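Scroll down for the structure; my scribbles are underneath it.
There are 4 protein chains.
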Amino acid sequence: MNVFGEKWTFTSFGESHGAAIGGVLDGVPAGLHIDMEMIRSELDRRAGKGMTGASPRAKNEPDEVEWLSGVIDGRTLGTPIAFIIRNKDARPEDYEWLKHSYRVGHADKVYELKYGIRDWRGGGRASARETAARVVAGCIAKQDLAQKGIEIHARLVQVGAETDPTKFNETIAAYQQEGDSIGGIVECTISGLPTGVGEPIFNKLQAELAFAVMSINACKGFEYGTGFGGVTQPGSAINHISGGIAGGISDGTDITFRCVFKPTPSTLKAGIKGRHDACVATRAVPVVEAMTAIVLIDLLS
Amino acid sequence: MNVFGEKWTFTSFGESHGAAIGGVLDGVPAGLHIDMEMIRSELDRRAGKGMTGASPRAKNEPDEVEWLSGVIDGRTLGTPIAFIIRNKDARPEDYEWLKHSYRVGHADKVYELKYGIRDWRGGGRASARETAARVVAGCIAKQDLAQKGIEIHARLVQVGAETDPTKFNETIAAYQQEGDSIGGIVECTISGLPTGVGEPIFNKLQAELAFAVMSINACKGFEYGTGFGGVTQPGSAINHISGGIAGGISDGTDITFRCVFKPTPSTLKAGIKGRHDACVATRAVPVVEAMTAIVLIDLLS
Amino acid sequence: MNVFGEKWTFTSFGESHGAAIGGVLDGVPAGLHIDMEMIRSELDRRAGKGMTGASPRAKNEPDEVEWLSGVIDGRTLGTPIAFIIRNKDARPEDYEWLKHSYRVGHADKVYELKYGIRDWRGGGRASARETAARVVAGCIAKQDLAQKGIEIHARLVQVGAETDPTKFNETIAAYQQEGDSIGGIVECTISGLPTGVGEPIFNKLQAELAFAVMSINACKGFEYGTGFGGVTQPGSAINHISGGIAGGISDGTDITFRCVFKPTPSTLKAGIKGRHDACVATRAVPVVEAMTAIVLIDLLS
Amino acid sequence: MNVFGEKWTFTSFGESHGAAIGGVLDGVPAGLHIDMEMIRSELDRRAGKGMTGASPRAKNEPDEVEWLSGVIDGRTLGTPIAFIIRNKDARPEDYEWLKHSYRVGHADKVYELKYGIRDWRGGGRASARETAARVVAGCIAKQDLAQKGIEIHARLVQVGAETDPTKFNETIAAYQQEGDSIGGIVECTISGLPTGVGEPIFNKLQAELAFAVMSINACKGFEYGTGFGGVTQPGSAINHISGGIAGGISDGTDITFRCVFKPTPSTLKAGIKGRHDACVATRAVPVVEAMTAIVLIDLLS
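Protein chains in written order, with the working numbering: chain C, 1 to 301; chain B, 1001 to 1301; chain S, 2001 to 2301; chain U, 3001 to 3301.
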């Protein structure tokens, strides 16, 4: 439900306009130094600080992490690490109109059908705000991975039809001016992963990565190695391309996967008020890294 | 590791050239009638009976299911259902040469690195033969889903660059004649799924489906709803397309996803002897249905 | 590790002298009203308010629950419920001497050996303070169980050799005056549980109850039905006594189990300073009820 | 349900009078030599070969293990190990009378209420025959533990009121002659377990052991360390007795626990025909060792 992982687990909680969002990490080894500065910087990156087309809330609300347990003098104790980020800039009143209506393309209606009750205040659990907790968890995972020589780097490689990164801001700004939004593709590379990660049958490494990444809001697809594009190539031409995984198990070479994010359905053009992003894919980049780090550290635990 | 699911679980076991492959289903409700004829027919479909380009073993070895427990007079007892399929046509001698070598594009080497030991007899666990057990499990899942009004239908929609189904056999035959192989795309539609299936955060329905499907041998990508193609469309144009899932939860409409299968790396052209398929995507179709059924019945349990 | 349950899960976190202790409940159904008054009263009961022999900290520190998520207007949202209790009366300085020494009968040393680091401030995670979070979780479980007609009542039935409840305070006071401590036996009755709870093989109801109760600090034994005492009775005399469970499954009659708590090893007599209880069994009573409620609600979810 | 463990898992299947009972072990490391002779000998021990008061079936039916997967040349492959024991001496006709009646003290009725269907052939899953699969799994666990220097030894320490082992056979024979049955207490010692096994909060080592042992048919209680008897001792007298576990974590010293088994309710005196044991506790001894081994190897995996 709200727990990710088996041995290095991350429990996420919090509504976007409630008291706080946060998480509990269980299974983090003792003695790990936590780089608080990196966490701050990754949260800013997720918030879209200085990015074209990011929503005002994301830019204005500094995400301050409060550590409740599991850390003493900046080092982990081996006990559960609980942290929260208070929702300072919550504006439930902006969403009063949602009490009795559902937004197109949002989860408002299915939540009400599933639970019989709904936190109408800006999406509640379904809000992208929840990903801030993922980024904090991901930072701790990344720091542990880095010590093992494993690096994760994601980047935006396509916005709409545009594949030239120098033109991305321009493209996004154009959609924003029209009160519209646009999708994007994020590519992520894992380097330094040792051979042998992943299980042969159901828990293949690619299945675990797909599960982690497809759990991010607005993600509509995942591919690795030869991907969808490889369908037109004969076996003789591509049988040397492993994509870093053989039989579900890492083979020691770099792994590159790609995932696609749809544009947010909340646009001025669609008549939906609120604080929205013109291209959520830009802000998804650190979240893709975070989920990749979380799933890898769990597999390595 | 070798268990799929949380409440309706499927444990898979068996090497392709050992005594038997099989599975244990735990959590299947009591009193369900099992349609043995459907299981036979689905196993034939997986074996590629009558299909262009299917490997001889698949066609010649009738997969006979032996039921060991959990079923009395064709009805389930609510206790674990264990079944096996003996490996009658096992020919370890065909693979003697593999004892001291690794095949390109196969998992031979990573298995040896991961386990320090390897069943060289035709891939062992990594063989596609393991999917026969998935098909048996999937049939039981499908039968239970059908009673709930849920139907799953997969079909091949692309082979190489060809998208016209009437030309698929021709395309495959052409690659086979060259001792080569080719990939394909499978599309799968779920209809009748009630609203409310899937969890909002990590266990989003799309993440669960991706996990299930990406665990199939040779699968390199998964997409649903607007998919990768949707990246060029603005939010205003596609915000009404849910793909059957909102916020990770089924919304009561049909769900269609697509997945891509790479060509088998074992080709005569690559100098690899054995019994291989010219287009594994054809035989993946019932496996995609099986894994979809298994993941859905688990979510509904 | 720090998560209890499969479907209705309780994640516990917090060191006894850190910022806070708390928990996250996942899988609690939406729409449940939370009785905050009952939670306050159960926390007082656990704290030993007004009890003979309870430690000063327990009595002086009011446990105030702060709700972070999952609850709106006193009703559950179906999303994870996170709560914390701040450690107001934390006095790390009382434990400075523990930085470089281990207490007899305590977990200080094994923690350091297991984790390589230790929160010396009053036991950290090993402190009985952690059970306050269990009591909060247990209250929510109990409230849901009560709606289903299931009641749980635990009581102290033995203190040292004394089995007359009217003499318990007197007995405890006698040990306290000597700077010593004494054990006790708690008996717990579950009534209203429907037939069919528990699984036939490993997850027998008695195994689940034993697991839940034996996880409480200082608990050294568990028995139900005919228990240890039944060993002297022939089958013909006791084969009608089910103890409320047959083949691991509840049979619809009341279930009564007993568990024993050893005296705290921290006694003035043993030369250990700090704030301790003369008979922890008295304060274990609501914790036994809490763990029983938590395991039952999980089995019923 | 029918799976024990998290990382080294044991899935049990099979009805006592169906085709076979068996199991699947997942997570067993590759390269372990399996001592088939020890397995045979432990199965004989469980069957009560040569024991006073054991049921005729247990003595007459040689339990032959058939290995289906995961083992090559007597060594484990790291893949799931599936094994079966066929039910050669199944006599469903002996149980025809059970089709329409329930036995006192047995699980017949709750099974029917829970599942709506019941395998009346001799108890089905509820039969003690299922423990043969536990013994096979336990042997493999024990062999791996032995390599790590960990030994498990259980023994019968009480039969009825008798605590002198030389008089046990005599005591049992007396009850058998009267067509009655009697309970017993089994004591088990774990030696060589390293420090640090067990988790501090819910998964305390004593809770895991209790869970494993209380899952054995007819077990009514579990105690360790000072146990129930310690209730009369003051803290100052027993605070040096850890029972091998501190704060839920093994402390490197021997662990001794005790568990009680009630007499079988199926007695001639009670008018129940069939093949029964006069003292099931005798045959529980290897099962207690098996479950202890399984839970320990899982915690160490």
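Glycine residues also receive a C-beta, built at the ideal position from the N, C-alpha and C atoms. All figures in this text were calculated on a predicted structure; none of them were measured in a lab.
Does residue i come within less than 8 angstroms of chain C when only Cβ atoms are used?
i                   : result
Ile-1172 of chain B : no
Ala-2082 of chain S : yes
Ser-2215 of chain S : no
Pro-1200 of chain B : yes
What in chain B is Cβ-close to residue i, meaning under 9 angstroms?
i                  : result
Gly-196 of chain C : Val-1110, Leu-1113, Lys-1114 and Tyr-1115
Taking C-beta pairs closer than 7 angstroms, name the residues in chain S that residue i reaches, listed in chain order.
i                   : result
Met-1 of chain C    : Asp-2026 and Gly-2027
Phe-3211 of chain U : Ala-2207, Ala-2210 and Phe-2211
Does residue i have its Cβ less than 8 angstroms from a Cβ in chain U?
i                   : result
Asn-2087 of chain S : no
Phe-1013 of chain B : yes
Thr-1009 of chain B : yes
Thr-1131 of chain B : no
Gln-2147 of chain S : no
Ala-1278 of chain B : no
Thr-1079 of chain B : yes
Phe-2004 of chain S : yes
Taking only beta-carbon atoms, is residue i less than 8 angstroms away from chain S?
i                  : result
Arg-125 of chain C : yes
Asp-119 of chain C : yes
Can you tell me whether residue i is buried or exposed? The criterion is at least 16 other CB atoms within 10 Å of its CB, across all chains shown.
i                   : result
Met-3214 of chain U : buried
Ala-2082 of chain S : buried
Pro-3080 of chain U : buried
Arg-1155 of chain B : exposed
Glu-170 of chain C  : exposed
Gln-147 of chain C  : exposed
Gln-2206 of chain S : buried
Ser-3162 of chain U : Going by the sequence as given, residue 3162 of chain U is Glu instead of Ser. Per the 10 Å Cβ criterion, buried.
Trp-1008 of chain B : buried
Asp-3164 of chain U : exposed
Trp-3097 of chain U : exposed
For residue i, I'd like the list of residues in its chain whose CB is within less than 6 angstroms of its CB, leaving aside the five on either flank, ordered along the chain.
i                   : result
Gly-1243 of chain B : Tyr-1224 and Gly-1225
Arg-2118 of chain S : Tyr-2111 and Glu-2112
Val-1003 of chain B : Thr-1009 and Thr-1011
Keeping to the same chain, check which residues put their C-beta closer than 8 angstroms to that of residue i; ignore five residues upstream and five downstream.
i                   : result
Asp-1144 of chain B : Val-1028, Pro-1029, Leu-1032 and Ile-1297
Ile-245 of chain C  : Gly-198, Lys-204, Leu-205, Gln-206, Tyr-224, Gly-225, Asp-251 and Ile-255
Would you please state the rounded distance, in angstroms, between the beta carbons of residue i and residue j? I believe it to be under 8 angstroms.
i                   : j                   : result
Gly-1248 of chain B : Gly-1198 of chain B : 5 angstroms
Ala-212 of chain C  : Thr-292 of chain C  : 6 angstroms
Asn-2087 of chain S : Ala-2019 of chain S : 7 angstroms
So which residues of chain C does residue i contact, with C-beta pairs closer than 9 angstroms?
i                   : result
Gly-1183 of chain B : Thr-226, Gly-230, Val-231, Thr-232, Gln-233, Pro-234, Gly-235 and Ile-238
Ala-2154 of chain S : Result: empty, since nearest Cβ-Cβ is about 27 angstroms, beyond 9 angstroms.
Below 8 angstroms on C-beta distance, what does residue i contact in chain C?
i                   : result
His-1106 of chain B : Ala-246 and Gly-247
Interface residues of chain B around residue i at Cβ under 8 angstroms?
i                  : result
Ser-242 of chain C : Gly-1105
Asp-251 of chain C : Lys-1109 and Val-1110
Strictly below 7 angstroms CB to CB, what residues from chain C border residue i?
i                   : result
Pro-1265 of chain B : Gly-235 and Asn-239
Please work out which residues of its chain come closer than 7 angstroms, Cβ to Cβ, to residue i, disregarding the five sequence neighbours upstream and downstream, and give them in chain order.
i                   : result
Gly-252 of chain C  : Pro-194 and Thr-195
Trp-3067 of chain U : Phe-3083
Phe-168 of chain C  : Leu-156, Val-159 and Glu-162
Would you please verify whether the beta carbon of residue i is less than 8 angstroms from any beta carbon of chain B?
i                   : result
Gly-53 of chain C   : no
Ile-3072 of chain U : yes
Taking Cβ-Cβ distances shorter than 9 angstroms, what residues in chain U pair up with residue i?
i                   : result
Glu-2223 of chain S : Lys-3220, Gly-3221, Phe-3222, Glu-3223, Phe-3228 and Val-3260
Pro-2062 of chain S : Under the 9 angstroms cutoff, chain U gives no residues; its nearest Cβ is about 24 angstroms from Pro-2062 of chain S.
Gly-2031 of chain S : Chain U residues near Gly-2031 of chain S: none, gap ~28 angstroms exceeds 9 angstroms.
Mind listing the chain S neighbours of residue i? Cutoff is C-beta to C-beta under 9 angstroms, in chain order.
i                 : result
Arg-75 of chain C : Ile-2117
Confirm the yes/no value for this check: CB of residue i, any heavy atom of the ligand MG, distance under 7 angstroms.
i                   : result
Lys-1204 of chain B : With respect to small molecules bound, the structure shown includes none, and the ligand MG cannot be examined in it.
For residue i, go through chain U and note every residue whose CB falls closer than 7 angstroms to its CB, in chain order.
i                   : result
Asn-2203 of chain S : Met-3001
Who are the neighbours of residue i on chain U, taking C-beta pairs under 8 angstroms?
i                   : result
Leu-1068 of chain B : Phe-3013, Gly-3014, Gly-3018, Ala-3019, Ala-3020, Gly-3022 and Ile-3084
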